[in-house]
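Student: Quick note on the working numbering: the sequence shown kicks off at 1 and runs consecutively.
Ideal placement from N, C-alpha and C gives every residue a C-beta, glycine not left out.
Please read all numbers here as calculations on a predicted model, not as lab measurements.
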Amino acid sequence: MKKLALHWQILIGMALGFLFGFIFKSMEMKEFVLDWIAPFGKLFINMLKMIAVPLIVVSIIMGIADLKDISKLSKLGYRTMGLYLATTVLAVCIGLVLANLIQPGSFINEASRDALLESFSGDANSKIALASEAKNTGPLQPLVDIVPDNFFQSLTDNTKMLQVIFFSMLIGIGIISLKEDQTKPVVDFFKSLNAVIMKIIDIIMLAAPIGVFSLMTALIVEIPDASTLGALLAYALTVLTGLILVTFGVYPLLLLLLGKVNPLRVFKELLPAQLLALSTSSSAATLPVTMERVIEHVGVDEDVASFVLPLGATVNMDGTSLYQAVAAIFIAQALGIELDLSTQLMIIITATLASIGSAAVPSAGMVMLVIVLGQAGIPEAGLALIFAIDRPLDMCRTVTNITGDATVATIVAKSVGKLKPMKN
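1) With distances taken from CA atoms, which of Ser-177, His-7 and Val-300 is nearest Lys-418?
2) Looking at the structure shown, is Val-261 part of a helix, part of a strand, or coil, going by DSSP?
3) Ordered along the chain, which non-local residues of its own chain (more than five positions away) have a Cβ less than 8 Å from that of Ile-173?
4) Between Val-239 and the rest of its own chain, which residues show a CB-CB distance below 8 Å, the 5 nearest in sequence each way excluded?
5) Cα separation between Pro-362 and Lys-68?
6) Let me know the secondary structure DSSP gives Lys-178 once reduced to three states.
7) On the three-state DSSP scale, how would you describe Thr-410?
8) Give the DSSP bridge partners of Leu-419, in chain order.
9) Where Ala-5 and Gly-374 are concerned, what is the direct C-alpha to C-alpha distance, given to the nearest angstrom?
10) Thinking C-alpha only, which one of Val-144, Phe-20, Ile-386 and Glu-269 is nearest Ile-295?
11) Please state whether the Cβ-Cβ distance between Ala-208 and Gly-404 is less than 9 Å.
12) Can you give me the C-alpha to C-alpha distance between Leu-206 and Ser-279, rounded to a whole angstrom?
13) What number of angstroms, rounded off, separates the C-alpha of Ile-210 from the C-alpha of Ile-197?
14) In terms of alpha-carbon separation, which member of Gln-153, Asp-157 and Val-147 lies closest to Gln-163?
15) Helix, strand or coil: how does DSSP classify Gln-344 here?
16) Quick check on the DSSP output: the alpha helix (DSSP H) that includes Met-14 runs from which residue to which?
17) Is it the case that the segment 41-58 contacts the segment 271-289, given that we only count it when at least three CB pairs across the two stretches are under 8 Å?
18) Along the alpha helix (DSSP H) that carries Ile-378, what are the first and last residues, could you check?
19) The alpha helix (DSSP H) with Leu-31 in it runs from where to where?
20) Do Asn-262 and Leu-255 have their C-beta atoms closer together than 9 Å?
21) Quick check: the segment 339-349 against the segment 379-394, are there 3 or more CB pairs under 8 Å?
22) Comparing alpha-carbon positions, which option in Leu-101, Phe-22 and Ala-86 lies nearest Thr-241?
23) For Val-488 and Glu-380, which I take to be in contact (beta-carbon distance under 8 Å), what is that distance rounded to the nearest angstrom?
24) For Met-317, which three-state DSSP category applies?
25) Cα separation between Gly-105 and Thr-87?
26) Starting from the C-beta of Asp-157, find all residues in its chain whose C-beta is less than 7 Å away, skip the five residues before and the five after it, and write them out in chain order.
27) Measure how close the beta-carbons of Val-399 and Thr-290 come, nearest whole angstrom, since I'm counting them as under 8 Å.
28) The alpha helix (DSSP H) with Ile-223 in it runs from where to where?
29) Taking only three categories from DSSP, how would you classify Phe-151?
30) DSSP on Val-361, reduced to helix/strand/coil?
31) Can the beta-carbon of Ile-60 be found less than 9 Å from the beta-carbon of Ile-175?
32) I need the DSSP call for Gly-404, collapsed to helix, strand or coil.
33) Straight-line CA distance for Phe-44 to Phe-152?
34) Could you name the residues of the same chain whose beta carbon sits closer than 6 Å to that of Phe-213, not counting the 5 residues immediately before and after it, in chain order?
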């Protein structure tokens with residue numbers, strides 16, 4: 001009997017989680033779900049995050065070592081960062097245009113606005129406090145933060161992915177700067193370790209349907225009442241419209257025009273990673289599966305994917321940037337604040353830079369949104385207006401984030417002649 005494809009297993013897990021979530025919610029069994037079902041979802045995410053950092057270290061070192069030429073690395077880097085910046089700016093612009101056209105802030109009445117501000121002020125204040133720590137540092141602090149003072153300490157913190165990437169790139173550059181006979185034992189070690197890590201990912205993914213079921217069930221029982229969500233419906237639809245336009249409009253067009261590949265086939269092969277991103281809301285947790293799908297099924301050479309995808313999981317957050325743009329305009333409109341053209345142009349710049357600083361973990365974009373709001377002169381307390389709907393939207397924007405990473409990896413691989421034909 002043929003084994004059910006991974007994406008079908010995940011879809012079934014999501015559907016059952018959705019169904020049982022509503023059943024438990026109607027029976028007012030939230031505590032039961034959080035105590036006895038949700039932990040399995042957290043275990044699944046923790047296992048994916050556990051393997052993400054070793055995967056990043058090994059894949060980047062192997063990717064650079066396989067290039068065998070530092071000039072090839074610079075070419076790869078320029079093309080990757082150029083595409084990442086271009087897609088992020090485009091996503092922010094789409095978000096701003098939609099927010100100005102739809103005017104989602106005009107749909108929320110004063111009573112709903114005041115109720116949301118009161119209900120979620122505590123959550124907003126915690127994010128504001130985290131953002132204030134970042135703002136109190138110097139302008140070059142983000143650059144300083146890239147270089148770790150203790151690499152092994154960075155390995156234990158998923159919010160310090162850039163430090164891990166930086167050190168791993170140094171090791172890779174060191175390898176290609178030496179003679180092959182000097183580095184062969186090191187390269188052989190990392191090749192063997194890479195094979196072991198990929199096998200561990202296969203083992204972890206056996207638990208995907210159960211993990212997804214647990215995550216979806218917990219999400220449904222924690223969703224606020226319909227009356228609260230109704231006030232934010234226009235905002236949510238604006239964000240979702242933007243994410244759909246970017247994910248299923250911009251990316252397929254780029255794949256067709258720049259990658260010269262069939263976007264339908266790419267998206268079909270990427271589906272398990274997209275579903276996992278929807279369930280986990282974490283680019284870092286999804287990275288192992290994204291890499292496996294892009295290398296084994298889309299046909300991107302491992303040396304390209306090993307460099308482009310880990311970097312993208314950290315600095316390329318198109319969905320997050322779009323959401324920040326829409327959220328800033330929505331909060332301003334809800335509070336009756338007019339934003340001129342120059343302020344909105346600054347939102348483009350700030351949201352683009354903030355996406356680079358966003359950690360690849362759930363809700364990090366919310367912290368960076370505080371910085372975007374402050375730059376635009378919008379009261380940071382307005383963050384409380386969007387907390388009720390943030391978790392479902394976080395799931396959707398993570399799908400856009402990882403799809404953008406895979407799109408850029410495919411285009412870059414095509415441009416350097418390292419894209420193999422997809423399997424039938």
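Tutor: Taking the coordinates as given:
1) Val-300
2) coil
3) Ile-64, Ile-70 and Leu-73
4) Gly-95, Leu-322, Tyr-323, Val-326, Ala-327, Leu-393, Cys-396 and Arg-397
5) Only weak support exists for where Pro-362 lies, its pLDDT of 46 falling under 50; the value from the coordinates is given anyway. Roughly 36 Å between the two C-alpha positions.
6) According to the sequence displayed, residue 178 carries Leu and not Lys. In the structure shown, Leu-178 sits in coil (DSSP, three-state: anything other than H, G, I, E or B).
7) helix
8) Val-300
9) 46 Å
10) Glu-269
11) no
12) 15 Å
13) 21 Å
14) Val-147
15) helix
16) 6-26
17) yes
18) No alpha helix (DSSP H) holds Ile-378; DSSP gives it neither H nor E.
19) A quick correction: the sequence has Glu, not Leu, at residue 31. Element bounds for Glu-31: 30-36.
20) yes
21) no
22) Leu-101
23) Nothing about residue 488 can be reported from this structure: the residues present for the chain run from 1 to 424 only.
24) coil
25) 26 Å
26) none
27) Incorrect: roughly 11 Å between the Cβ atoms, too far for contact.
28) Here Ile-223 belongs to no alpha helix (DSSP H), and DSSP marks it neither H nor E.
29) helix
30) Residue placement at Val-361 is flagged as unreliable, the pLDDT there being 42, under the threshold of 50; the coordinate-derived value follows with that caveat. In the structure shown, Val-361 sits in coil (DSSP, three-state: anything other than H, G, I, E or B).
31) no
32) helix
33) 24 Å
34) Gly-13, Leu-16 and Gly-17
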